[in-house]
Amino acid sequence: PPQTSSIFNFKHEHKLRCTSSTSVSIFNFYSSTPTYFYPPLASTFIRRSKIMMKALLWLSVLTPSHVFGLIPLIDGGKGMPKMYGGYFDEQISKQASTAISKAISAGKKNMEVQFPPVPNVEEAKFGTPLNQKFGTSLVARDLKIKGGYKPGSNVSRNIIAYSNIYWAKRLAGAMKGGALGGRPVGVLTAEQLNFDDIKSMGDLSRSGKIFQDKSRKEGRNNEAIIAVNPGGEETWDRLVSAHGQPNCPFLVMNNSYSTSYDLGNRKGFEEVYYLKRISKGFVYRAFPGNWEALLEKPDGSVEILKTYKTKPKLREVSELVREESFKRYAINNDRWMAGRM
Numbered sequence: 014p015p016q017t018s019s020i021f022n023f024k025h026e027h028k029l030r031c032t033s034s035t036s037v038s039i040f041n042f043y044s045s046t047p048t049y050f051y052p053p054l055a056s057t058f059i060r061r062s063k064i065m066m067k068a069l070l071w072l073s074v075l076t077p078s079h080v081f082g083l084i085p086l087i088d089g090g091k092g093m094p095k096m097y098g099g100y101f102d103e104q105i106s107k108q109a110s111t112a113i114s115k116a117i118s119a120g121k122k123n124m125e126v127q128f129p130p131v132p133n134v135e136e137a138k139f140g141t142p143l144n145q146k147f148g149t150s151l152v153a154r155d156l157k158i159k160g161g162y163k164p165g166s167n168v169s170r171n172i173i174a175y176s177n178i179y180w181a182k183r184l185a186g187a188m189k190g191g192a193l194g195g196r197p198v199g200v201l202t203a204e205q206l207n208f209d210d211i212k213s214m215g216d217l218s219r220s221g222k223i224f225q226d227k228s229r230k231e232g233r234n235n236e237a238i239i240a241v242n243p244g245g246e247e248t249w250d251r252l253v254s255a256h257g258q259p260n261c262p263f264l265v266m267n268n269s270y271s272t273s274y275d276l277g278n279r280k281g282f283e284e285v286y287y288l289k290r291i292s293k294g295f296v297y298r299a300f301p302g303n304w305e306a307l308l309e310k311p312d313g314s315v316e317i318l319k320t321y322k323t324k325p326k327l328r329e330v331s332e333l334v335r336e337e338s339f340k341r342y343a344i345n346n347d348r349w350m351a352g353r354m
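Here the numbering used here is used: the first residue of the sequence shown is 14, the next is one more, and so on.
Pasting the structure below:
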């Protein structure tokens, strides 16, 4: 407002008096009654008021296209995350968190989330520059790993295990019920790691090992559980009985192998976020959306070849993507040769 600059007048007695009746009326914040502030409070008040005014002026000129452009910053956007930028710009964690929140709102209790826990997961045992960058810049830093990521350290030798705790920490907010939710969230794992190395657990209220008596006894009422790599799905019902709480979310995250040799599971756990690399492409799904078969092109971009309302068979999707790749590019679509590891 034109008269905003006239709101504040300093008196010789070093008090601040609000004299303008034309102040920011949308807040109904000022009144015609003079108000006095002592100097330590005055500077803070002025600074915050100016920041608020600038923010409001900026928001007032946003068009609908600008607003929709902000959506990826909130929920990660639609469609498969970018490889491998999605690991570093929070796209994967935002998409997975959004899918979990939507599934819980839809009444889903038992859920599965599956995606490669590190870039180039096939080479994690030997290490690649992307593995190391992810371990150093995100995992060790975010978890505040004692000693950091160094050659020979626990986190460098067990990068997948520690990365899964990083992801559990990122997804815990959705599991507890969002910013206003108060549900405790525990993380349990079957993987080899030392929780004493981790100094920052975020919204995770406790940690432990799957099927251990200590983990059972530490369970709390109304607690949500994230079970990391628990093993064959024939044990999942027993896992819920051992560690789950009635009517509370239970999430199986990044199970390393499937005893059904297919996509997802056969135990009725909703695959709320699923990203799997197959030969020449990917399978992707984010609840409540469709399943997608995607072709990875020689330049690293992806193209949706087919969508499925229900979960397809792994063999069906793999054949579709592989045959389309060969038809278009013959043998010239190889991510290893192109350096897209």
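Glycine included, C-beta positions come from ideal geometry on N, C-alpha and C.
Taking only three categories from DSSP, how would you classify THR320?
THR320: strand per DSSP, three-state reduction.
Go through its chain and collect everything with a Cβ distance to TYR342's Cβ below 7 Å, but skip five positions before and after it.
Around TYR342: PRO311.
Do the segment 183-193 and the segment 257-273 meet, that is, are 3 or more Cβ pairs less than 8 Å apart?
Counting Cβ pairs under 8 Å, three or more are found: they touch.
Apart from the five residues just before and just after ASN260, which ones in its own chain have a Cβ nearer than 8 Å to its Cβ?
Excluding positions up to five away in sequence, the list reads LYS122.
Is the segment 120-137 close to the segment 317-324, with three or more CB pairs under 8 Å?
Segments in contact, no.
Within 10 angstroms of its Cβ, does ALA237 collect 16 or more other Cβ (buried), or is it exposed?
It counts as buried.
Quick test of your reading: ASN242 and GLU125, contact by CB under 8 Å. State the CB separation rounded to the nearest angstrom.
Not quite, the Cβ-Cβ distance comes to about 12 Å (not below 8 Å), so this is no contact.
Over the uninterrupted alpha helix (DSSP H) stretch that includes GLN145, give me the two end residues.
Start and end: 142-147.
For THR272, does the count of other Cβ atoms within 10 angstroms reach 16, so buried, or fall short, so exposed?
Label assigned to THR272: exposed.
Enumerate in chain order the residues of its own chain whose CB-to-CB distance from ALA255 is below 7 Å, with the five nearest sequence positions on each side excluded.
Correct list, in chain order: PHE224, ARG229.
Give the secondary structure of SER220 by DSSP, where H, G and I count as helix, E and B as strand, and everything else as coil.
Reduced to three states, the DSSP call for SER220 is strand.
Alpha carbon to alpha carbon, how far is ALA153 from TRP180? Give it in angstroms, no decimals.
Each residue's Cα considered, the two are about 12 Å apart.
Given that a residue counts as buried once 16 or more other Cβ atoms are within 10 Å of its Cβ, and exposed if not, what is SER38?
Residue confidence is low: SER38 scores 34 on pLDDT, short of 50, so the model does not pin down where it sits. No coordinate-derived value is stated.
Are the Cβ atoms of LEU156 and ILE172 separated by less than 8 Å?
No, these two residues do not count as a Cβ contact at 8 Å.
Would you kindly work out how many angstroms separate the C-alpha atoms of GLU316 and GLU309, rounded to a whole number?
Roughly 7 Å between the two C-alpha positions.
Could you tell me whether the Cβ atoms of LYS293 and ASN346 are closer together than 8 Å?
Yes, the pair counts as a contact, with Cβ atoms nearer than the cut-off.
Give me the DSSP bridge partner(s) of MET266.
Answer by DSSP bridge pairing, in chain order: VAL126, VAL241.
Which residue comes first and which comes last in the alpha helix (DSSP H) that contains ILE156?
Note that residue 156 is Leu in the sequence shown here, rather than Ile. From DSSP, LEU156 is part of no alpha helix (DSSP H); its letter is neither H nor E.
Taking the alpha-carbon positions, what's the GLY161 to ASP209 distance?
Rounded to the nearest angstrom, the two C-alpha atoms are 13 Å apart.
Taking only the alpha-carbon atoms, compute the straight-line gap between PRO77 and LYS212 and give it to the nearest angstrom.
Reliability of the predicted coordinates at PRO77 is poor, the pLDDT of 37 falling under 50, and no value is obtained from them.
Would you give the residue range spanned by the alpha helix (DSSP H) that THR291 belongs to?
It should be pointed out that residue 291 corresponds to Ile in this sequence rather than to Thr. No alpha helix (DSSP H) holds ILE291; the beta strand (DSSP E) holding it covers 283-291.
Thinking C-beta only, is GLY195 closer than 8 Å to ARG219?
In this structure, GLY195 does not lie closer than 8 Å to ARG219 by Cβ.
Distance, Cα to Cα, TYR100 vs ALA299?
Each residue's Cα considered, the two are about 16 Å apart.
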